[in-house]
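Read through the structure below, which is laid out as structure tokens, and then see the notes.
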Amino acid sequence: MKTERDPATGDARSDHDLVYAARDGDTVAFDALFYRYRDGIFRLGLAITKDPSSAEEIVLDTFARAHRALARLEPDDSLRPWLYRVAVNLSYNRRPRKNVVLSSLDEAADVAMANEDGSPSHVAEKAELRRLVLGAVEELGPKHRLVVVLHYLNGLNLTEIAEVVDCPVGTVKSRLHYALRRLRTHLAAHPELGIEPPRSLLATGFRAPKPITAPLPLEDK
Amino acid sequence: MRLFSRGCESRQAAYLAGADRLGARERLALEVHAGSCTECADALRNGRPVDTALRGAFASLRERRTIVAPGRVRLAVGSVVARPNPWERAPRVFGRLAEVSVMVGVTLLAVGTSFEPPSAPSSSLPVTQTMAQERSRGQAPLDEIDYLRWVRLVKSNDTPTVSTATRLLMGAFDSDPVEIQKTPSPRF
Ligand SMILES: [Zn+2]
């Protein structure tokens, strides 16, 4: 149960209390829930669809469903995994809009990085590392990528992820383990990250790709 | 093709040590195990920088925000009453306007009527006017009855009746009597 104070509304009521109030027609309570989860669902939708407009529609659709489900929603259930599960389903079932060039995870992050402080070389270095890591995440299969996104982007713990993807916690652990090992293999090619390739791969003659010595311009992707 | 071979059962826990936020006791047990298991020692050593790299890479994405407002959700679910077309409302508005106009007219008529000066009885008004005019001129009326009235009026100079009548005719009651003005108002 989440009780953090929402910066937009200043509402410190728990999800449980807000759901109860919203069920009784309290629109302020519903709005407080909306502001509490709006950005998280937007980011999740953006990470899956790579399209900001689609991500906004996913936010609206998710809360429209929540609004309709209020009467049968059990306030003792955890709202957060419920909302994310709806958002994941909507995101994967969404057809790409026509004439929309989908961006990458990294391009989505670029927008947020535009106002980052620091020297140009420092900013470029961070952008390059981010490009490497998010590029590796995108090469994962959908199931493994989703677990990584839910944990590292949305901050869900493994139990919550299990509720979102509707599988046992053991399966989530297994998927995350696989994803982390795969990412390690990809990222080991870049010594600046200080990651060694898995020993099992070294034994089979794994050779790390030539590391990137200078940050690439972002447009060259 | 299998990319990874099955290894030590604790290797998964070692990789997830960062992500799963192991408790102190579990973490200690894992580190003790890693002292004698190269596979888990490797997983612990390299799992941490992968975890750190992922947290750093997603940090900028966590800054992404949207400005979508909850009102759009309520519109979507139809709980907000749609605003009717103003042209559809026009007949109702004009009808209401006509009602209000009639009410205002009736009210003004009623109020205006109530402020008209009280009309004196038709029989006494000319007499009073005549007597007052004659008195003001200082002449006695020729008619006997009027003369008697005139004498009584002249003798009782300060009687309220005459005074009132005179003042009424001279418009002295345009302002409120002094006694009323002296009365303190409970509102102040
Ligand atoms: Zn081991």
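Residue numbers (my numbering), protein chains in the order written: chain A, 1 to 221; chain B, 1001 to 1188. Ideal placement from N, C-alpha and C gives every residue a C-beta, glycine not left out.
Annotation for V133/A: the continuous alpha helix (DSSP H) segment containing it runs P120 to E138. The continuous alpha helix (DSSP H) containing P81/A extends over residues L79 to N93. For a cut-off of 8 Å, the C-beta gap from G141/A to D106/A is around 19 Å, too long to register as a contact. Using a cutoff of 8 Å, the CB of G1007/B counts as near ligand 1, since one of the ligand's heavy atoms is closer than that. Contacts with chain A (Cβ-Cβ distance below 8 Å) from the stretch 1045-1060 of chain B involve R1045, N1046, G1047, P1049, V1050, D1051, A1053, L1054, R1055, G1056, A1057, F1058 and S1060, listed in chain order. A contact between stretches requires three or more CB pairs, one per stretch, nearer than 8 Å, and the stretch 1050-1065 of chain B fails this requirement with the stretch 1026-1037 of chain B. About 5 Å separates the beta carbon of A1076/B from that of A64/A, a gap short enough to meet the 8 Å contact definition. Setting aside the 5 residues that flank it on each side, S104/A is surrounded in the same chain by K50, L134, G135, E138 and K221, each with a C-beta closer than 8 Å to its C-beta; the list follows chain order.
Approximately 21 Å separates the beta-carbon atoms of V19/A and F42/A; this is outside 8 Å, ruling out the contact.
Between the stretch 1034-1047 of chain B and the stretch 16-30 of chain A there are fewer than three inter-stretch CB-CB distances shorter than 8 Å, so the stretches are not counted as touching. Here the stretch 1105-1114 of chain B does not lie against the stretch 73-82 of chain A, with fewer than 3 beta-carbon pairs under 8 Å apart. By the criterion of at least three beta-carbon pairs nearer than 8 Å, the stretch 143-154 of chain A is in contact with the stretch 25-45 of chain A. Look at L1030/B: its C-beta is not under 9 Å from any C-beta on chain A. Counting every other CB atom within 10 Å of its CB across the protein chains shown gives L1109/B a total below 16, marking it as exposed.
Put simply, of H177/A, G170/A, L156/A and I48/A the residue whose alpha carbon is nearest the alpha carbon of R95/A is I48/A.
The alpha-carbon of E74/A is positioned some 34 Å away from that of E1026/B.
The nearest non-hydrogen atom of ligand 1 is less than 8 Å from the C-beta of H1033/B. Counted as a single uninterrupted DSSP element, the alpha helix (DSSP H) harbouring A22/A occupies residues D15 to R23. Take the alpha-carbon of T171/A and the one of V165/A: they are about 10 Å apart. By alpha-carbon distance to T1066/B, the top candidate from E56/A, G10/A and K143/A is E56/A.
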